[in-house]
Amino acid sequence: MKFNVIHTDTSCQARAGILDTSHGQIETPIFMPVGTRAAVKGLTQFDLEEHVRAQIILANTYHLYLRPGIKVIEKAGGIHKFMNWSGPILTDSGGYQVYSLSSMRKIKEEGASFSSHIDGSKHFFSPESIMDIQKSIGADIIMAFDECTPYPCDYNYAKNSLGLTHRWLDRCFAHFDNSPAIHNYPQILAPIVQGSTYEDLRIESCKYISDKNAEINAIGGLSVGEPHNEMYDMAGVCTNILPKDKARYLMGVGLPENILECISLGIDMFDCVLPSRNARHGILYTTGGVIHIKNAKWKEDFSPIDPSSDSLYSQNYSKAYLRHLFQVKEILASQIATAHNLRFYLWLVETAREKIINNTFDNWKTTMIPKLTFRL
RNA sequence: GGGGGUGCGCCGGAGUUGGAGAGCCGGGCUAGACUGUAAAUCUAGUGUGUAAUGCUGAAUAGGUUCGAUUCCUAUCACCCCCA
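Residue numbers (my numbering): -8 to 367.
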C-alpha cells in the first residue's frame, strides 16, 4: 500500500518505482491493459500473465455494475477470483462514462444518472455509491468518481465541472471505508486531477488533490482529442505540482510516443484501450514502426510480424498469415494481434524502466520516437 | 431436337417495362479513423476520365421511335419443361 521511487533519471523527470498493492508489487513506469468487462478482449489470463507479462490490469465499475451485477461479483468472492486473475487490478469509477456516454446521462450535484446503454434502464451513481460498488468489486486500486470533460471545453464549463469533481472527491474520501471487511484486504483510493486544458485550473486541481495524501494521484481529462502538445503541457503542469513521493497515473494515455513523452515528465502509470482495440482493427505497434496489417502490401510478406520482439506470437506468425486471418475474420487474428500489441507496450515500459535506472532514458526516448511513429 | 424463361457494373439481391442511371440495398475489395472500451466498430472509395454540367454503359449486333434497359429481329450464354 505504498509507492516508492527507487530512481529518478538524471537527464529528465522520469522515475522508476515500486508500488505495493494488496495483490503484489508493480514496477513502474507501467502500462495497464484495459479489461473493461473483466476481460482483456481476446486474451486469456494465462496470455496476460505469461505472454504479455502484465503486472496489473483495469476493469470498469459502470460496466461491471450493469453486467454481471455487483451481487455476482460479491458471491464470486471479488473480481480477482471471478476473473481468475491473482495480480493487482484497478477499477475505473465510471467517470469516463460520464464523458463517453454523455448523451445518455444527466449530471447533478448529487451524482450522475444514466440510461443503460444495454437496455435503457435508469441508474443513479453518486460518489458514495461508486465507493460502495468498487469496494464490492474489490480491486486493489479504485478511482474517485469524477467528470471527465470533453475537448474542446469552454473555460466556464471546465471550472464549474472541476468544482463538482472536487466536491465529489471530498465525498468519495469521506465515504471510503478502507477497513478490509468484504474481501479482507485494503484498497488504494486514487483522486483525479481535472481542469481540461487550462493551466490555472490544472494547478488548482493538483493542489486540491495533493492534500488527500493518496498513494496514487491520477490525471484525467486528457487524451480526449486535444493535440499532443497540449496533452504534454498539461501533464507537465501536473507533475510539477503533484507530490514526488506519490505515484502519478495519467489516465487513458496513449500512443507509444505519448507514453515515452509522459514518462519523461514524471508519469508512472498508464492505461489505454489503443493497443487492444487497434489490434482488433489490424494496427500493430513494433520497434520499427506502425503496421496496418490489413493493407494489401503484406499479402505475400512471410516474414515474422516482429522479429525483434520477445513475443513468441510475433516471432513465429508471419505478416501474410496474420493478414489472411484478418481477411477471413478469424477470431485468431484478434488474439494474435492483441497479444502482440500488449506485449509490445509492456516491453516498452519495461525497457523505459531499465533506461531510467541507467540514466539514459532521455536519449533512448529521442531515438525511439521516430521509429515508433514510422508508418511501415 | 421442340417449347418457355432470364441476361446491367467484382459478386448477390431489389427495382424500372417507352421519358432512362454510371442509381438503391447487401457482400467483397481498397483505404482511413479510433487514446480512463456503447467499438471483432465506424467512415469513405470501388466503369472510365484530360476530374467535368465529361465519356462509355442494362448479354452481343441490328431495327422501330423525338427518345430504348424496356418494343421488334437475329445471335450468344444460362435456367426450366418436353422428347
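We put the CB at the ideal spot given by N, CA and C, even for glycine. Everything numeric in this text was worked out from a predicted model, so none of it was measured.
Item to check | Which of helix, strand or coil DSSP assigns to VAL(-4) | outcome: DSSP places VAL(-4) in strand when its eight states are reduced to three.
Next on the checklist: Considering only the alpha carbon of each residue, which of GLU100, TRP76 and SER107 lies closest to SER91?
Outcome noted: Closest by alpha carbon: SER107.
Next on the checklist: I need the boundaries of the beta strand (DSSP E) containing GLN16, first residue and last residue.
Outcome noted: That run of the beta strand (DSSP E) goes 15 to 19.
Checklist entry - Helix, strand or coil: how does DSSP classify ASP224 here? => result ASP224: helix per DSSP, three-state reduction.
Item to check | Extent of the continuous beta strand (DSSP E) to which GLY8 belongs | outcome: According to the DSSP assignment, GLY8 belongs to the beta strand (DSSP E) that extends over 6 to 12.
Checklist entry - Applying the criterion that 16 or more other CB atoms from any shown protein chain within 10 Å of the CB defines a buried residue, is ARG193 buried or exposed? => result Result: buried.
Next on the checklist: Less than 7 Å between C-beta atoms, sequence neighbours within five positions excluded: which residues of the same chain meet that for TRP289?
Outcome noted: LYS310, ALA311 and ARG314, listed in sequence order.
Next on the checklist: Quick check on VAL43: does DSSP put it in helix, strand or coil?
Outcome noted: DSSP places VAL43 in the helix class (H, G or I) of the three-state scheme.
Item to check | Whether SER201 touches ILE232 by CB criterion (8 Å) | outcome: Contact annotation: SER201 and ILE232 have beta-carbon atoms nearer than 8 Å.
Item to check | Given CYS263 as reference, the closest of SER214, ILE17 and SER84 once Cα atoms are compared | outcome: Measuring from the Cα of CYS263, the nearest candidate turns out to be SER214.
Checklist entry - Quick one: Cα of SER127 to Cα of SER104, how far? => result Distance between the alpha carbons of SER127 and SER104 is about 20 Å.
Checklist entry - Which value, in whole angstroms, describes the spacing of the CA atoms of HIS396 and GLY186? => result With the chain represented from -8 up to 367, any question about residue 396 goes unanswered, as that position is not in the structure.
Next on the checklist: Three or more C-beta pairs under 8 Å: does that hold for the region 34 to 54 against the region 71 to 78?
Outcome noted: A contact exists between the region 34 to 54 and the region 71 to 78.
Checklist entry - Closest by CA to ASN169, which one among GLN125, LEU323, LEU333 and THR358? => result Of GLN125, LEU323, LEU333 and THR358, the residue nearest in Cα terms is GLN125.
Item to check | TYR276 vs PHE335 beta-carbon contact at 8 Å | outcome: Taking 8 Å as the cut-off, the Cβ atoms of TYR276 and PHE335 count as close.
Next on the checklist: I need the straight-line Cα distance from ILE322 to GLY154, nearest angstrom please.
Outcome noted: Spanning the two alpha carbons is a distance of roughly 45 Å.
Next on the checklist: For MET260, tell me which candidate among TYR87, SER2 and GLU18 has the shortest Cα-Cα distance.
Outcome noted: The residue among TYR87, SER2 and GLU18 with its C-alpha nearest the C-alpha of MET260 is GLU18.
Next on the checklist: For VAL228, which residues in the same chain have their Cβ closer than 6 Å to its Cβ, ignoring the five residues on either side in sequence?
Outcome noted: Excluding residues within five positions, the ones whose Cβ falls inside 6 Å are GLU190 and ARG193.
Next on the checklist: Among the candidates THR52, ASN349, ILE296 and ARG158, whose CA atom is the shortest distance from the CA of THR(-1)?
Outcome noted: Across the set THR52, ASN349, ILE296 and ARG158, the C-alpha of ASN349 shows the shortest separation from the C-alpha of THR(-1).
Item to check | Beta-carbon contacts of LYS362 that lie in its chain and below 7 Å, excluding the five residues immediately before and after | outcome: Excluding sequence neighbours, LYS362 sits near THR278, GLY279 and GLY280.
Checklist entry - Apart from the five residues on each side of it in sequence, which residues of its chain come closer than 7 Å, Cβ to Cβ, to CYS197? => result Its chain contains VAL184, CYS229, ILE232 and LEU233 as the residues whose beta carbon lies nearer than 7 Å to that of CYS197, once the 5 sequence neighbours on both sides are disregarded; these appear in chain order.
Checklist entry - Which runs of the beta strand (DSSP E) spanning at least 3 residues fall entirely within the region 158 to 208, listed in chain order? => result Listed in chain order, they are 179 to 181.
Checklist entry - If you draw a straight line from the C-alpha of GLY273 to the C-alpha of THR364, how long is it? => result The alpha-carbon atoms of GLY273 and THR364 are separated by roughly 16 Å.
Checklist entry - When the Cα atoms are used, what is the spatial distance from LYS150 to GLU217? => result So the two alpha carbons sit approximately 18 Å from each other.
Checklist entry - Since ILE179 and ASP131 are thought to touch, with beta carbons under 8 Å apart, how far apart are those beta carbons, to the nearest angstrom? => result Cβ-Cβ separation between ILE179 and ASP131: approximately 7 Å, consistent with a contact (criterion under 8 Å).
Item to check | Delimiting residues of the alpha helix (DSSP H) encompassing ALA328 | outcome: 322 to 348 is the span of the alpha helix (DSSP H), which, as asked, contains ALA328.
Item to check | Simplified DSSP assignment, three categories, for ALA30 | outcome: When DSSP states are grouped into helix, strand and coil, ALA30 belongs to the coil group.
Item to check | Secondary structure of ALA270, DSSP reduced to three states | outcome: Helix.
Checklist entry - Roughly how many angstroms lie between the CA atoms of PRO171 and PRO177, to the nearest whole one? => result Each residue's alpha carbon lies about 5 Å from the other.
Next on the checklist: Just to confirm my understanding: we take ARG366, look at its own chain, exclude 5 residues before and 5 after, and list those with CB closer than 7 Å. What are they?
Outcome noted: Non-local C-beta neighbours of ARG366 in its own chain, meaning closer than 7 Å and more than five positions away in sequence, comprise GLY280 and VAL281, ordered along the chain.
Item to check | Spatial neighbours of LYS97 in its chain, beta-carbon cut-off 6 Å, leaving aside the 5 residues before and after | outcome: Closer than 6 Å at the Cβ level, and outside the excluded window around LYS97, lie SER104.
Checklist entry - Which two residues bound the contiguous alpha helix (DSSP H) that contains PHE115? => result Bounds of any alpha helix (DSSP H) do not take in PHE115; it lies within the beta strand (DSSP E) bounded by 113 to 116.
Checklist entry - Taking C-beta to C-beta, are TYR87 and CYS139 nearer than 8 Å? => result Yes, they are a contact pair.
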